[in-house]
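For reference, the structure discussed in these notes is given below.
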Amino acid sequence: MESVRKFQDQLIAGMKGVLKSKRVVEAFYAVPRHLFVKKYRLPSFEKWVEVTDQNLQEHLAFLYGNHAMILYGMDKDFDDKGGQGNSVSTISQPSLVLWMIDLLKLKKGQKVLELGAGSGWNAALMGHLVGSKGKVVSLDLIPEMVKRAKESVKALGFSQVEIRLGDGGDGHEPCAPYDRAIFTAGCYDLPKVFYQQIKNGGLFQLVLKNKGGSGAVLLVFQKKKDHFQSLNSFLCDFVPVRGKYYVNGMEAVPLQKILSENKINQKPMGRRPFWWSANNEDTFQWLTMGFRSFLAISEPRYEVIMIKKKITSFGLLDKKGKSLVVVHPKELVSYGSMKAQNLLMGLLKNWIDLGMPGLISLGLKAFPIDRNIKVKKGEWLVKRNESQFLWSMPK
Numbered sequence: 044m045e046s047v048r049k050f051q052d053q054l055i056a057g058m059k060g061v062l063k064s065k066r067v068v069e070a071f072y073a074v075p076r077h078l079f080v081k082k083y084r085l086p087s088f089e090k091w092v093e094v095t096d097q098n099l100q101e102h103l104a105f106l107y108g109n110h111a112m113i114l115y116g117m118d119k120d121f122d123d124k125g126g127q128g129n130s131v132s133t134i135s136q137p138s139l140v141l142w143m144i145d146l147l148k149l150k151k152g153q154k155v156l157e158l159g160a161g162s163g164w165n166a167a168l169m170g171h172l173v174g175s176k177g178k179v180v181s182l183d184l185i186p187e188m189v190k191r192a193k194e195s196v197k198a199l200g201f202s203q204v205e206i207r208l209g210d211g212g213d214g215h216e217p218c219a220p221y222d223r224a225i226f227t228a229g230c231y232d233l234p235k236v237f238y239q240q241i242k243n244g245g246l247f248q249l250v251l252k253n254k255g256g257s258g259a260v261l262l263v264f265q266k267k268k269d270h271f272q273s274l275n276s277f278l279c280d281f282v283p284v285r286g287k288y289y290v291n292g293m294e295a296v297p298l299q300k301i302l303s304e305n306k307i308n309q310k311p312m313g314r315r316p317f318w319w320s321a322n323n324e325d326t327f328q329w330l331t332m333g334f335r336s337f338l339a340i341s342e343p344r345y346e347v348i349m350i351k352k353k354i355t356s357f358g359l360l361d362k363k364g365k366s367l368v369v370v371h372p373k374e375l376v377s378y379g380s381m382k383a384q385n386l387l388m389g390l391l392k393n394w395i396d397l398g399m400p401g402l403i404s405l406g407l408k409a410f411p412i413d414r415n416i417k418v419k420k421g422e423w424l425v426k427r428n429e430s431q432f433l434w435s436m437p438k
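Sequential numbering of the sequence shown, starting at 44, is according to this note's numbering.
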């Protein structure tokens with residue numbers, strides 16, 4: 044329809060200079076986004092909106108707006124506390140989808156593995172780019188979303204796109220090895236199967252989550268024989284993966300719970316004035332992002348702490364010394380002893396001396412967990428269940 048083209052043109056005009064590949068732009072026009080949204084829900088609203096041929100016209104402005112949309116799940120499921128049962132699915136903002144696909148540098152005839160099929164729009168766009176001789180395998184754990192995605196892909200005649208019900212963290216060995224792989228959900232770990240299922244030299248996009256959402260980062264990796272080497276990294280935010288690679292307990296922990304479980308006196312034993320160039324909650328979160336991200340990947344004692352309902356901060360918990368320090372916009376509050384505060388100040392000085400690096404300024408190599416890694420000066424090794432991440436200062 045003429046009105047569809049108008050909204051498509053507006054979006055592409057807003058991405059001028061961002062997309063490098065004309066083929067990705069062509070794919071956007073060839074695979075209309077509205078065909079993959081049968082119903083959606085606005086944040087904070089429980090009512091679902093059904094999209095039909097009859098009412099499509101009135102929804103086009105929203106369907107082609109540059110924002111994410113909720114396709115499955117309720118607001119309470121986004122708090123990341125419910126474990127395996129509370130799955131959610133969104134369709135990411137179109138500019139982000141196109142940009143991520145652009146970074147994959149897809150070619151005709153390539154094979155692609157996707158974790159998180161969602162609406163199926165991503166898979167269809169990639170299917171268009173790899174062509175009829177290529178292959179896209181996209182996996183999702185939500186039966187309803189798999190059913191919808193299959194119907195949408197089939198309607199466009201993309202036989203090269205296969206939507207499957209399953210845990211994307213296990214990959215899909217029958218079609219391996221893949222030239223490209225992409226995560227459209229955040230993961231705390233890198234599943235070991237990807238070291239075997241991606242070709243040497245292949246590109247892989249991973250959304251790496253950290254405790255409390257401290258600096259989730261989109262990493263563009265290249266496969267280097269037995270490991271992955273980061274090429275680019277960008278701050279981002281995605282819903283967490285579910286299934287066996289979901290990690291519970293990543294959310295902020297209430298202050299009283301931390302003190303109680305570690306048998307630390309709930310009455311503060313020391314307060315130290317400390318400003319982060321601001322004294323309000325909103326700017327405090329932004330100003331401390333770099334330091335929090337650094338702590339999340341380098342310090343196992345790092346904690347994300349809920350001070351009040353929907354108000355979070357961070358600090359260090361020294362379990363052995365029964366000491367906790369909580370960082371506030373205008374002060375540091377210590378519980379138990381001053382040990383955790385002294386540790387925090389030492390880490391802050393170290394971070395400043397290093398040039399105050401943020402996640403996106405650091406280099407990263409990912410190795411299987413059973414690989415013996417020698418850590419050099421200026422590097423930090425973070426071990427998770429199936430992978431270990433070797434972070435390094437930029438050269």
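Where a beta carbon is used, it is the ideal one built from N, C-alpha and C, also for glycine.
Work out the CA separation of residue j and residue i for me, nearest whole Å.
i, j, result
"G200", "H171", "10 Å"
"M332", "I348", "14 Å"
"W164", "L261", "19 Å"
"L278", "S202", "34 Å"
"E346", "I301", "9 Å"
"G177", "A167", "12 Å"
"S273", "Q97", "47 Å"
"A264", "V140", "Note that residue 264 is Phe in the sequence shown, not Ala. So the two alpha carbons sit approximately 17 Å from each other."
"V418", "E342", "15 Å"
"G75", "R84", "Contrary to the premise, residue 75 reads as Pro rather than Gly in this sequence. Cα-Cα distance, rounded: 19 Å."
"K362", "R344", "8 Å"
"K124", "T355", "Legend: pLDDT at K124 = 49, less than 50; position of this residue unreliable, value from coordinates given subsequently. Distance between the alpha carbons of K124 and T355: 15 Å."
"L54", "K63", "15 Å"
"T326", "F334", "14 Å"
"I350", "V376", "12 Å"
"V425", "D413", "13 Å"
"A409", "L246", "13 Å"
"I185", "M117", "14 Å"
"V296", "D210", "28 Å"
"Y289", "E89", "25 Å"
"M58", "V284", "28 Å"
"K49", "Q309", "60 Å"
"Y107", "Q51", "7 Å"
"K82", "M312", "53 Å"
"L407", "Q153", "26 Å"
"A56", "S87", "30 Å"
Given a cut-off of 9 Å, decide if residue j and residue i are closer than it, judged by their beta-carbon atoms.
i, j, result
"S430", "L233", "yes"
"V80", "V94", "yes"
"A259", "G229", "yes"
"F226", "E157", "yes"
"R66", "L147", "no"
"I340", "N253", "yes"
"K382", "G364", "yes"
"A198", "L182", "no"
"L103", "V47", "yes"
"P411", "H270", "yes"
"G212", "V236", "yes"
"Q240", "G214", "yes"
"V173", "V155", "yes"
"S130", "S162", "no"
"F357", "L402", "no"
Among the candidates the options, whose CA atom is the shortest distance from the CA of residue i?
i, options, result
"R315", "H371, K268, L360", "H371"
"E304", "G379, V92, E342", "G379"
"R207", "Y221, R191, I134", "R191"
"V282", "I144, I307, V250, P297", "V250"
"W318", "E374, Q153, A409, L85", "E374"
"D280", "K242, Y231, Q299", "Y231"
"K150", "E194, Y221, D396", "Y221"
"A219", "D210, Y238, G209", "Y238"
"G421", "K242, K268, M399, N428", "M399"
"K306", "Q328, W329, L360", "L360"
"E101", "K193, H77, P86", "H77"
Which class does residue i belong to by DSSP, given the choice of helix, strand or coil?
i, result
"V155", "strand"
"Q240", "helix"
"I55", "helix"
"P186", "helix"
"N275", "strand"
"M312", "coil"
"H270", "strand"
"T326", "helix"
"I412", "coil"
"K178", "strand"
"Q299", "helix"
"F201", "coil"
"A70", "helix"
Does the region 381-398 come into contact with the region 353-373, if we say contact requires no fewer than three beta-carbon pairs (one atom in each stretch) closer than 8 Å?
Output reads yes: the region 353-373 touches the region 381-398.
For the structure I just gave you, are there three or more beta carbon pairs, one from the region 134-143 and one from the region 105-113, closer than 8 Å?
Remark: three or more beta-carbon pairs, one from each stretch, lie closer than 8 Å, so the region 134-143 and the region 105-113 are flagged as touching.
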